[in-house]
Amino acid sequence: MSKHNSLEKLAEINSHVQVHDQRDRIVVQVGQCSASIGAYDELESIKTKYSETHRIEVAGCSGACFSGPRVTGLDSSDIFSNDQDFFKSQTRYVLQGIGEIAWDDIRQYISIGGFEGLAKALSVTSEEVIDIVSDSGLRGRGGAYFPVALKWKSASSQRSAPVVLVNAEEGEPGLFKDRHLMEGMPFRVIEGALIAAYASKSEEILIYVNAEAELAYSRLNISLQKCQDLGLVGKNVLGTDFSVSIRLFRGAGGYVCGEESTLINTLEGRRREPRLRPPFPTESGFRSLPTVVNNVETLCNVPLVLSSGPEKFRSNGTSDAPGTKLLSLSGNMPYRGLAEVPFGITLLSVLQDVGGIKDLNDLSGVAVGGPSSGILPTHLLDLEILPGIIDGKNVMLGAGGVVALSKNTDPYEATIHLSKYNAAESCGKCTPCREGAPKIVSMLESIRNSSDRSDEFKRLEMLATTVNAASLCGLGQAAGNPFLSYLNHFSQEQGD
Amino acid sequence: MDVEIVTKEARLNFRKELVNRFQRSREQLLPSLHWVQEEYGYLPEWALEILSWHIGVPASEVYGAATTYPELTLDAPQSHEVAVCTGLACRESGSQKLLGKTRNLFVRNGLNVVVNEVPCLFSCAVSPVVLIDGVLVGAATEELVDKEVDFEQA
């Protein structure tokens, strides 16, 4: 079979799955969060009222969680008046189509350009796919921002065929982006993984889904079957020589499982602990095979890079950090939800324009990047959103969790809370993290009410720096960050 | 922990089910633990022993896995499973107060149920969230929790 008929094959599939229901659509956005605030009830009531006259479809959530459960297509409840700001200030690239198309309708997905990226990838060689992705400058979106093309290249140049592992563990407090992507556009996740497998010359894909994300798991499962039925997954994908299998795997919780070597241990049925590196997973990972571990958001960018080209991707963001980033906005702000913004935009404009925060005096700080990072004071919010460390010290963008803290929340208490989380989630393998992280918490708690904390703060600084420097994996290497960022940004203000 | 009396027949059936469902491979450890928990609501110790035999992983390691993952539990389920999220975002929406109110609610209804605190339920945009018998309740209030829990049935 020739490589060049993948596009024709896609067109053939498209004509095959056409349906001819011309009735007006009503789209109900059902996701795990919106279900918790009554999306299924809404769906039922709409079904009873309109099932005769309308085509009723279920989509994932568009990200405007503050106004959920959302229904589109009905004149009256089409758009909430305050929605405009929330959507207008975003750059929707990965999120395009989410909340608009039915999650399980492959025809609608193809109609918005779905599987075009895969078809294009399959019409060129693996090396050319890597070159295209390399031109786009796409970096991993899980928090480490490693160049995607480099990872694929490294894995594909090993002696044995690699395994592609989709990291959908997303166990970081304050994050819900990957779940939204899997619930709203499971086909795009699968397409991205397929392209990753083709580029890195892999024939096996494993998708590791967070235990809490049950809806995402079942939607991925159903979508996967549909793809298999249509010849998009399995032997001779789209009529080419490329064959690949996909398996889903359910996690069982635990922040540390998001760390790639721990994820691999979990898959192999071993202890939930990180491995020593090197060897890196791209050399020796799952079953000692070279393993490409990619985050869900990363993989959702891949089909778009191929279908609309690397230039389009680069038109957002900065030259060093092209593209967009999903931010999970929560805490003390009016418009909480999932937003997509280009890299390089300031945190302040995100909070004000997208999050709808009017008065910064209502805030005591903003926790960025979850428990591996720290809290920024309000006077530092004009920092740009960029991969890695954003305040030059210990606050990192991470995977993009943003929690606004109200003025009633003491940043000190929030710091203890974050540190506690790290201590509780430490797997216990290496001593600095196992012993040091809880020690940070107990020291912070013991000096909570003391008037002169400077001596203790010096000791804490040493401890936190040591934990960061000596720990084995990403969790421990960042366990000191909440305290260190507190020390940098808040301690002088409060007279310590 | 009380020793559970399980009939020989039940053990045998369990063993057969395992043989039918899971390959003899270490990689089946977590999937099979998930399955046992779905069947029984928790991981009974006798089941872990048989599981260990079937997939060929030492019982100590099976126990290790069963106790390190937050989603897995060795304790038989209570009449109601309730967890209030007290993560950073939920705290901003008053989850600490809600935790107290939820605990009081069970006491008032004469139910001896441990209301757990969880660090995050990953639904921060609809905070505060409470997980009641597997159902996630967003924008939770005392009234919503009251409505969701079927106190009569307990």
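Just so you know, the sequences run in chain order H and L. For reference, each letter of the first sequence is one residue, going 383 to 878 in the numbering used here. For reference, each letter of the second sequence is one residue, going 12 to 165 in the numbering used here. Just so it is clear, CB atoms sit at the ideal spot from N, CA and C, and this is done for glycine as well.
Does residue i come within less than 8 angstroms of chain H when only Cβ atoms are used?
| i | result |
| --- | --- |
| A165 of chain L | Interpretation of A165 of chain L is limited by its pLDDT of 47, a score under 50 that renders its predicted location unreliable; the figure taken from the coordinates is listed afterwards. With 8 angstroms as the cut-off, A165 of chain L does not count as an interface residue toward chain H. |
| T7 of chain L | In the structure as shown, chain L begins at 12 and stops at 165. Residue 7 of chain L is therefore absent and cannot be evaluated. |
| V140 of chain L | yes |
| S71 of chain L | no |
| H65 of chain L | no |
| S134 of chain L | yes |
| L54 of chain L | no |
| E82 of chain L | yes |
| G149 of chain L | yes |
| V160 of chain L | no |
At which residues does the beta strand (DSSP E) containing residue i begin and terminate?
| i | result |
| --- | --- |
| C609 of chain H | No beta strand (DSSP E) holds C609 of chain H; the alpha helix (DSSP H) holding it covers 596 to 611. |
| Y80 of chain L | Counting along the chain, Y80 of chain L falls outside any beta strand (DSSP E), and DSSP gives it neither H nor E. |
| V545 of chain H | 545 to 550 |
| P724 of chain H | 719 to 724 |
| C96 of chain L | 93 to 96 |
| V126 of chain L | 126 to 129 |
| L645 of chain H | L645 of chain H -> not in any beta strand (DSSP E); alpha helix (DSSP H) instead, spanning 642 to 649. |
| Y590 of chain H | 586 to 591 |
| A136 of chain L | Unbroken run through A136 of chain L: none, as it is neither H nor E. |
| L745 of chain H | 745 to 750 |
| I757 of chain H | 756 to 758 |
| V823 of chain H | Premise fails: V823 of chain H lies in the alpha helix (DSSP H), 813 to 828, not in any beta strand (DSSP E). |
| S853 of chain H | Taken as a continuous stretch (DSSP letters only), S853 of chain H belongs to no beta strand (DSSP E), as it is neither H nor E. |
Cβ of residue i within 7 angstroms of any heavy atom in the ligand SAH?
| i | result |
| --- | --- |
| F624 of chain H | Ligands in the displayed structure: none, and consequently the ligand SAH is not present. |
Counting contacts by CB-CB distance shorter than 8 angstroms, is residue i in contact with chain L?
| i | result |
| --- | --- |
| V615 of chain H | no |
| R816 of chain H | no |
| S670 of chain H | no |
| S458 of chain H | At S458 of chain H the pLDDT is 48, less than 50, meaning the model places this residue with poor confidence and gives no usable figure here. |
| L763 of chain H | no |
| Y803 of chain H | yes |
| N776 of chain H | no |
| L711 of chain H | yes |
| R521 of chain H | no |
| R718 of chain H | yes |
| A806 of chain H | yes |
What residue does the alpha helix (DSSP H) around residue i start on, and which one ends it?
| i | result |
| --- | --- |
| S379 of chain H | In the structure as shown, chain H starts at 383 and stops at 878, and residue 379 of chain H therefore has no counterpart that could be examined. |
| G111 of chain L | 106 to 119 |
| V736 of chain H | Looking at the DSSP string, V736 of chain H is not in any alpha helix (DSSP H), and its letter there is neither H nor E. |
| G713 of chain H | Run containing G713 of chain H: none in the alpha helix (DSSP H); it sits in the beta strand (DSSP E), 706 to 713. |
| W676 of chain H | Per the sequence shown, the amino acid found at residue 676 of chain H is Asn instead of Trp. That residue, N676 of chain H, is in no alpha helix (DSSP H); its beta strand (DSSP E) goes 673 to 677. |
| R489 of chain H | 488 to 493 |
| V30 of chain L | 19 to 32 |
Helix, strand or coil, according to DSSP, for residue i in the structure here?
| i | result |
| --- | --- |
| M564 of chain H | helix |
| F907 of chain H | The structure shown does not extend to residue 907 of chain H, since chain H is modelled only from 383 through 878, so no value can be given for it. |
| I772 of chain H | coil |
| S458 of chain H | Residue placement at S458 of chain H cannot be trusted, given a pLDDT of 48 that sits under 50; the coordinates are not used to answer. |
| T728 of chain H | strand |
| L532 of chain H | helix |
| A417 of chain H | helix |
| E50 of chain L | helix |
| A87 of chain L | coil |
| L155 of chain L | helix |
| E482 of chain H | coil |
> Just by C-beta distance, which residues in the stretch 114 to 132 of chain L are closer than 9 angstroms to chain H?
Replying inline: Along the stretch 114 to 132 of chain L, the positions whose C-beta sits under 9 angstroms from a C-beta of chain H are P130, C131, L132, read in chain order.
>> Taking 8 angstroms as the cut-off, does the stretch 542 to 554 of chain H touch the stretch 637 to 650 of chain H (at least 3 CB pairs, one atom from each stretch)?
In response: Touching, yes.
> Using a Cβ cut-off of 9 angstroms, which residues of the stretch 722 to 752 of chain H contact any Cβ in chain L, in chain order?
Replying inline: From the stretch 722 to 752 of chain H, only A749, G752 have a Cβ closer than 9 angstroms to chain L.
>> Across the stretch 150 to 164 of chain L and the stretch 578 to 588 of chain H, are there enough close Cβ pairs to call them in contact, namely three or more that are closer than 8 angstroms?
In response: Touching, no.
>> Closer than 9 angstroms between beta carbons: that is the criterion. Which residues of the stretch 21 to 40 of chain L meet it against chain H?
In response: For the stretch 21 to 40 of chain L, which is checked against every Cβ of chain H, the residues closer than 9 angstroms are S36, R37, E38, Q39, L40.
> In the stretch 401 to 428 of chain H, which residues sit with their C-beta less than 8 angstroms from some C-beta in chain L, listed in chain order?
Replying inline: Answer in chain order: Q414, C415, S416, A417, S418, I419.
> In the stretch 572 to 604 of chain H, which residues sit with their C-beta less than 7 angstroms from some C-beta in chain L, listed in chain order?
Replying inline: Hits within the stretch, in order: A593, E594.
> Are the stretch 63 to 79 of chain L and the stretch 93 to 101 of chain L touching, with three or more C-beta to C-beta distances below 8 angstroms?
Replying inline: No: the two stretches stay apart, fewer than three of their Cβ pairs being nearer than 8 angstroms.
> What residues in the stretch 84 to 102 of chain L bring their beta carbon closer than 8 angstroms to a beta carbon of chain H?
Replying inline: The residues in question are G98, L99, A100, R102.
>> Give me the subset of the stretch 850 to 864 of chain H whose CB atoms are less than 8 angstroms from a CB atom of chain L, sorted by chain position.
In response: Cβ contacts with chain L come from no residue of the stretch 850 to 864 of chain H.
>> Beta carbons nearer than 9 angstroms to chain L: which residues of the stretch 538 to 562 of chain H have them?
In response: Listed by position along the chain: E552, G553, E554, P555, G556, L557, F558, R561.
> Between the stretch 643 to 655 of chain H and chain L, which residues of the former have CB atoms less than 8 angstroms from a CB of the latter, in chain order?
Replying inline: Hits within the stretch, in order: T648, L649, E650, G651, R652, R653, R654.
> Do three or more CB pairs link the stretch 592 to 610 of chain H to the stretch 709 to 723 of chain H at distances below 8 angstroms?
Replying inline: The stretch 592 to 610 of chain H vs the stretch 709 to 723 of chain H: no contact.
>> At a CB distance below 8 angstroms, what residues from the stretch 787 to 800 of chain H approach chain L? Give them in sequence order.
In response: Within the stretch 787 to 800 of chain H, the residues whose Cβ lies closer than 8 angstroms to some Cβ of chain L are L787, S788, T791, A796, H799, L800, listed in chain order.
> Quick one, which residues of the stretch 435 to 451 of chain H are near chain L if we go by CB-CB under 8 angstroms, in chain order?
Replying inline: Hits within the stretch, in order: C447, F448, G450.
> Pairing CB atoms from the stretch 421 to 440 of chain H with CB atoms from the stretch 482 to 501 of chain H, are three or more of them under 8 angstroms?
Replying inline: Segments in contact, yes.
> Going along the stretch 605 to 637 of chain H in order, which residues come within less than 9 angstroms of chain L, judged by CB to CB distance?
Replying inline: Listed in sequence order: F631, R632, G633, A634, G635, G636, Y637.
> Does the pairing of the stretch 423 to 438 of chain H with the stretch 567 to 575 of chain H give three or more beta-carbon distances under 8 angstroms?
Replying inline: At 8 angstroms Cβ cutoff, the stretches do not touch.
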